Amino acid sequence: MIGSSQIDFINGNQGDDLLAGAGGNDLIRGGKGDDAIAGDSGNDIINGNRDRDLLQGGKEMTFSGVEKTMIRFKAGQAMTS
2 MIGSSQIDFI
12 NGNQGDDLLA
22 GAGGNDLIRG
32 GKGDDAIAGD
42 SGNDIINGNR
52 DRDLLQGGKE
62 MTFSGVEKTM
72 IRFKAGQAMT
82 S
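If you use my numbering, the sequence shown corresponds to residues 2 to 82, in order.
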């Protein structure tokens with residue numbers, strides 16, 4: 002599923018999903034399954050859930066799984082809760 006240039010709320014299903022936000026400030030949730038999720042321009046919120054997901058925001062990659070999580074930041078980026 003690919004979003005629009007507007008603000009999108011995109012939710013995956015129980016299977017393995019390929020989700021992309023396109024422009025706008027999007028909220029993208031993968032749901033269950035091993036998902037590939039990509040943000041784009043805008044301030045996106047990406048939640049892969051508990052399975053083994055590939056998350057991409059901007060030019061940096063984040064890999065997330067049940068047991069391990071790796072997060073990389075570019076200079077000037079911050080993580081907020």
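Ideal Cβ placement from N, Cα and C applies to all residues, glycine included. No experiment lies behind these values; they were computed from the predicted model shown.
Name the DSSP bridge partner or partners of residue i?
i	result
A37	L19 and L55
N12	R30
Measure from the alpha carbon of residue i to the alpha carbon of each residue in the options, then state which is nearest.
i	options	result
N14	M2, G58, L55 and G40	M2
G16	G58, S42, N44 and K33	K33
D45	S6, L19 and G25	G25
D27	G40, R53 and N50	G40
The beta strand (DSSP E) with residue i in it runs from where to where?
i	result
N44	Unbroken run through N44: none, as it is neither H nor E.
I29	L28 to R30
Could you compute how far the alpha carbon of residue i sits from the alpha carbon of residue j?
i	j	result
L55	S5	21 Å
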